[in-house]
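Quick notes on the structure that follows.
In this note's numbering, the protein residues as written are 1 to 561.
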């Protein structure tokens with residue numbers, strides 16, 4: 001996806017002619033703080049959103065910001081330096097009241113040009129895409145009843161293993177254009193079918209239809225493969241529609257140059273933006289002991305701003321909030337194992353409006369919601385205040401993953417290419433997708449131009465369920481590599497036959513050692529097994545210094561509600 005760079009002077013000229021209207025003043029943020037993100041255990045893109053008159057993006061790569069600024073898909077932005085998808089930044093800026101989304105994009109374009117010296121130019125290229133066609137114009141679709149409510153509902157009915165869970169999409173009145181948009185943006189497993197490529201409506205069908213679409217979700221070890229129905233099969237057999245690869249002339253953006261280090265922030269910017277105030281507090285919060293008859297744990301952060309926790313110990317909550325395993329939380333008294341129910345409500349000041357819809361990747365009119373990072377900060381504050389919880393971080397000798405060289409067999413990369421990893425195969429070709437032949441290996445990651453130091457660092461993001469502390473690179477390998485890694489999410493081993501979302505990695509604790517999970521007769525592979533067999537590397541737990549959380553003080557009971 002890399003393109004040769006044009007000269008800086010040409011890039012600057014093209015950027016001006018493509019994006020600026022002569023004589024029109026550039027829209028600008030009133031004030032802006034932009035800085036490299038502090039590395040954390042949950043460094044995933046959050047934003048863009050508006051918190052009152054504050055515009056925020058957290059853990060955003062420069063590619064994320066460029067794609068947002070120019071309203072492009074990340075896959076349609078070409079060229080640029082190798083770090084474009086790796087370096088992460090936080091952006092917090094002030095905007096006038098009643099600022100519209102398109103205005104924030106214009107402000108972001110101006111900030112990128114000024115603070116990162118970004119130069120880009122637009123182009124049009126024939127790009128891989130997918131078309132939805134209706135070979136039989138009569139199809140298997142039924143016209144919607146007159147006056148039927150427009151829209152659809154999605155559900156995942158519970159099934160008993162070894163049956164594979166299905167996503168059931170029931171529409172009372174839906175146009176083909178709207179269905180095609182949903183297939184690309186809103187449907188589970190769409191990344192396994194369309195590989196983040198555009199989907200075009202070439203059915204020629206007009207009007208509205210009612211239908212039900214049923215297809216399988218992720219396959220886990222022990223699942224009955226005879227119950228699997230792919231999205232492609234469901235569309236053809238249930239609706240008479242087909243998915244066909246095609247090419248279409250689509251707008252793309254070429255990055256000509258950019259600086260990794262943004263220009264310095266203005267003095268006193270934190271005070272100007274109100275960042276010194278710290279995270280907000282819950283408007284109201286109730287903490288009470290869990291009913292002993294309740295089994296299990298519920299931990300829900302609702303978009304409405306309500307947090308519902310049931311059956312969670314203080315120890316469990318600390319682990320979940322900061323992605324620690326039990327052995328990484330030290331000096332916790334027995335009282336931290338008592339279970340609690342928490343119902344809390346965020347104040348209006350904590351709510352945000354995602355500018356790209358109802359949350360990350362969402363669609364529809366924007367509405368106030370509670371972002372996960374703010375919810376974590378507020379829960380932290382609540383536990384500290386109500387239980388008088390005090391902690392500190394230090395390093396202790398524990399088991400942690402170390403990456404070493406066995407008999408490596410990886411392809412040397414082009415050092416000028418972008419460094420990145422992404423879900424799915426290297427090329428948007430179903431034949432290249434190993435998950436079609438081995439669905440139990442449902443986590444498929446393509447890595448490009450990555451050193452072993454970078455790979456070890458990124459393993460926490462690639463497989464967060466397995467990796468809870470930074471991996472140490474002890475391979476001794478230099479240079480950068482391209483490779484594909486396919487493995488079974490760790491949650492699948494603890495819930496055989498069940499469903500699972502993308503990655504399915506987040507809820508389970510990792511094995512204590514690489515050989516704790518034996519070779520599975522279904523073909524399932526743990527992350528360490530896959531790294532060994534597919535890359536010729538060793539991922540093993542060894543004793544070394546690891547960052548842990550030490551409990552300094554905590555009360556057995558919370559203060560009164």
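Beta carbons are placed, not taken as given, at the ideal position from N, Cα and C, and that holds for glycine.
Span separating the alpha-carbon of residue i from that of residue j
i, j, result
"residue 473", "residue 176", "50 Å"
"residue 257", "residue 112", "11 Å"
"residue 421", "residue 559", "46 Å"
"residue 247", "residue 427", "14 Å"
"residue 183", "residue 423", "18 Å"
"residue 72", "residue 548", "40 Å"
"residue 334", "residue 307", "25 Å"
"residue 60", "residue 85", "9 Å"
"residue 144", "residue 190", "25 Å"
"residue 290", "residue 77", "50 Å"
"residue 448", "residue 411", "10 Å"
"residue 136", "residue 204", "11 Å"
"residue 121", "residue 265", "27 Å"
"residue 374", "residue 243", "40 Å"
"residue 293", "residue 156", "27 Å"
"residue 414", "residue 481", "8 Å"
"residue 390", "residue 553", "5 Å"
"residue 288", "residue 388", "16 Å"
"residue 90", "residue 105", "16 Å"
"residue 538", "residue 87", "27 Å"
"residue 470", "residue 231", "37 Å"
Closer than 6 Å: residue i CB and nearest the ligand NAP heavy atom
i, result
"residue 552", "Only the bare structure without any ligand can be found here, which leaves the ligand NAP out of the picture."
Option nearest residue i by Cα separation, candidates the options
i, options, result
"residue 332", "342, 319, 344, 341", "319"
"residue 245", "301, 219, 430", "430"
"residue 562", "460, 314, 56, 213", "Given that the chain is displayed from residue 1 to residue 561, the structure contains no residue 562 and the question cannot be resolved."
"residue 195", "561, 228, 445", "445"
"residue 368", "217, 377, 347", "347"
"residue 400", "449, 451, 412, 468", "468"
"residue 487", "471, 156, 465, 479", "465"
"residue 261", "454, 557, 115", "115"
"residue 432", "538, 192, 557", "192"
"residue 206", "230, 188, 174, 219", "174"
Buried or exposed (CB count within 10 angstroms, at least 16 for buried), residue i
i, result
"residue 97", "exposed"
"residue 268", "exposed"
"residue 564", "The question about residue 564 has no answer, for the chain in this structure spans 1 to 561."
"residue 165", "buried"
"residue 197", "buried"
"residue 522", "buried"
"residue 58", "buried"
"residue 38", "exposed"
"residue 107", "buried"
"residue 543", "exposed"
"residue 407", "exposed"
"residue 459", "buried"
"residue 397", "exposed"
"residue 147", "exposed"
"residue 160", "exposed"
Cβ shell of residue i (< 7 Å), same chain only, five flanking positions each side left out
i, result
"residue 110", "26, 27, 28"
"residue 276", "270"
"residue 371", "46, 49, 352"
"residue 380", "321"
"residue 563", "Nothing about residue 563 can be read from this structure; the chain reaches only from 1 to 561."
"residue 273", "31, 33, 54, 92, 94"
"residue 63", "74, 77, 84, 85"
"residue 378", "279, 280, 281, 282, 346, 350"
"residue 163", "224, 227"
Proximity of residue i and residue j at Cβ, strictly below 7 Å
i, j, result
"residue 545", "residue 338", "no"
"residue 94", "residue 45", "no"
"residue 299", "residue 344", "no"
"residue 403", "residue 456", "yes"
"residue 419", "residue 82", "yes"
"residue 80", "residue 255", "yes"
"residue 535", "residue 493", "no"
"residue 485", "residue 405", "no"
"residue 167", "residue 217", "yes"
"residue 221", "residue 124", "no"
"residue 315", "residue 328", "no"
"residue 263", "residue 210", "no"
"residue 577", "residue 452", "With the chain covering only 1 through 561, there is no way to say anything about residue 577."
Own chain residues within Cβ distance below 6 Å of residue i, not counting five before or after
i, result
"residue 50", "353"
"residue 199", "130, 180, 183, 184"
"residue 330", "548, 550"
"residue 310", "298, 341"
"residue 241", "132, 134, 235"
Contacts around residue i, its chain only, beta-carbon distance under 8 Å, and the 5 residues preceding and following it disregarded
i, result
"residue 285", "342, 343, 344, 345, 382, 386, 561"
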